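Quick note, in this note's numbering, the sequence shown goes up one by one and the last residue is 169.
Glycine included, every Cβ here is placed at the ideal spot set by N, Cα and C.
Since we're looking at a predicted model, the values are computed, not measured.
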Amino acid sequence: MSLPAIDVSLMNEHLSTHKGQLHKLKQYYQQIRDPYIKQITNAQTIIMENHVDVMLSLLDPYHNHWVQVIPLQQVFNQLQLNQASPIKQPSDKSIVLELHSTAKFMANNNFLSALMMKNDNVKQVHYEMATQQANFEKIYSDYIKHMEWSVTTHVDDDEQLKIINHFQQ
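Below, the structure written as structure tokens:
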């Protein structure tokens with residue numbers, strides 16, 4: 001199938017990014033101590049390798065079938081991913097913070113690219129890729145919160161009510 005130039009250009013850029021991100025994930029996997037985060041990193045690697053395969057299928061001019069990404073839950077089931085109690089490993093902190101940022105970047109990048117893409121299948125695949133990376137971002141975020149490696153500030157009820165009152169007028 002012949003694709004619009006914007007779709008091909010964006011996927012070309014994404015493939016380069018994925019190659020670098022996959023290399024980084026594999027390096028981090030070797031360094032991580034917490035078995036739970038090792039499982040998550042392995043799952044993210046499998047998902048991103050699938051993203052590469054999917055984009056290559058979409059780019060193949062002789063491939064005319066609808067293409068989909070592998071479901072995230074299928075990968076979690078395949079790895080028998082469990083919600084084991086995380087083991088606080090201070091040496092993992094910087095890696096997990098980077099993995100969190102990477103997942104957030106990839107989700108944002110895929111979503112913004114999907115908005116610009118023209119082919120329905122290419123667009124849908126990139127929305128799904130964005131959602132999968134957003135799921136990884138959430139997993140890492142929950143882990144970071146559990147490990148108390150992040151602080152989230154909150155405002156009191158009065159501040160929130162001030163905003164509501166301002167916009168209700």
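| query | Does DSSP put ILE87 in a helix, a strand or coil? | reply | Within the sequence shown, numbered from 1, the residue matching residue 87 stands at position 87. Residue state, collapsed to three classes: coil.
| message | Quick check: what's the CA-CA separation for LEU22 versus GLN78? | response | Mapped onto the sequence shown, residue 22 falls at position 22. Mapped onto the sequence shown, residue 78 falls at position 78. Whole-angstrom Cα-Cα distance: 19 Å.
| What do you reckon, are the CB atoms on LYS104 and GLU148 nearer than 8 Å? | Stepping through the sequence shown from its first residue, residue 104 is reached at position 104. Stepping through the sequence shown from its first residue, residue 148 is reached at position 148. Going by C-beta atoms, LYS104 is not nearer than 8 Å to GLU148.
| message | I want to know whether the segment 32–41 touches the segment 113–130 - three or more CB-CB distances under 8 Å. | response | Because the criterion of three Cβ pairs below 8 Å is not met, the segment 32–41 and the segment 113–130 do not touch.
| Can you tell me whether DSSP reads TYR62 as helix, strand or coil? | By 1-based counting over the sequence shown, the position of residue 62 is 62. Coil.
| Rounded C-alpha distance that separates SER9 from ILE46 | In the sequence shown, counting from the first residue as 1, residue 9 sits at position 9. In the sequence shown, counting from the first residue as 1, residue 46 sits at position 46. Straight-line Cα distance between these residues: approximately 24 Å.
| query | In chain order, which continuous runs of the beta strand (DSSP E) of length 3 or greater are located wholly inside the segment 23–59? | reply | Within the segment 23–59, no complete beta strand (DSSP E) run reaches 3 residues.
| task | Could you check which residue in ASN121, PRO61, TYR143, ILE87 has the C-alpha nearest to that of GLN68? | result | Numbered from 1 along the sequence shown, position 68 holds the residue referred to as residue 68. The closest CA to that of GLN68, considering only ASN121, PRO61, TYR143, ILE87, is found on ASN121.
| task | Under 7 Å Cβ to Cβ from ILE139, same chain only, skipping five residues before and after it: list those, please. | result | Looking up residue 139 in the sequence shown gives position 139. The beta carbon of ILE139 sits closer than 7 Å to those of ILE40, all from its chain and outside the five residues before and after it, given in chain order.
| message | Between ILE37 and chain C, is any beta-carbon pair separated by less than 8 Å? | response | Going by chain labels, chain C is absent from the structure shown, which holds only one protein chain.
| Are GLN132 and LEU56 touching if we call contact CB-CB under 8 Å? | Within the sequence shown, numbered from 1, the residue matching residue 132 stands at position 132. Within the sequence shown, numbered from 1, the residue matching residue 56 stands at position 56. Using a Cβ distance threshold of 8 Å, GLN132 and LEU56 do not count as a contacting pair.
| MET1 versus ASP60 - alpha carbon distance | Working through the sequence shown from its first residue, we reach residue 1 at position 1. Working through the sequence shown from its first residue, we reach residue 60 at position 60. Straight across, the Cα-Cα distance linking MET1 with ASP60 is about 7 Å.
| said: Quick check: what's the CA-CA separation for MET151 versus LYS145? | reply: Along the sequence shown, read from residue 1 onward, the residue named residue 151 stands at position 151. Along the sequence shown, read from residue 1 onward, the residue named residue 145 stands at position 145. In the sequence as presented, Met is not what sits at residue 151; that position holds Val. Approximately 8 Å between the Cα atoms of the pair.
| task | Could you spell out the range, first to last residue, of the alpha helix (DSSP H) harbouring ILE144? | result | Along the sequence shown, read from residue 1 onward, the residue named residue 144 stands at position 144. Boundaries of the alpha helix (DSSP H) around ILE144: 120–146.
| Between which two residues does the alpha helix (DSSP H) containing THR102 stretch? | For the purposes of this step, residue 102 is taken as the residue at position 102 of the sequence shown. Unbroken alpha helix (DSSP H) run through THR102: 93–116.
| How about MET117 and ASP7: do their beta carbons lie closer than 8 Å? | As a working mapping, residue 117 is identified with position 117 in the sequence shown. As a working mapping, residue 7 is identified with position 7 in the sequence shown. With a cutoff of 8 Å on beta-carbon distance, MET117 and ASP7 are scored as near each other.
| field | Spatially closest choice to PRO90 from HIS51, HIS65, TYR143, by CA coordinates | value | Taking the sequence shown and counting its residues from 1, the one referred to as residue 90 is at position 90. It is TYR143 whose Cα lies nearest to the Cα of PRO90.
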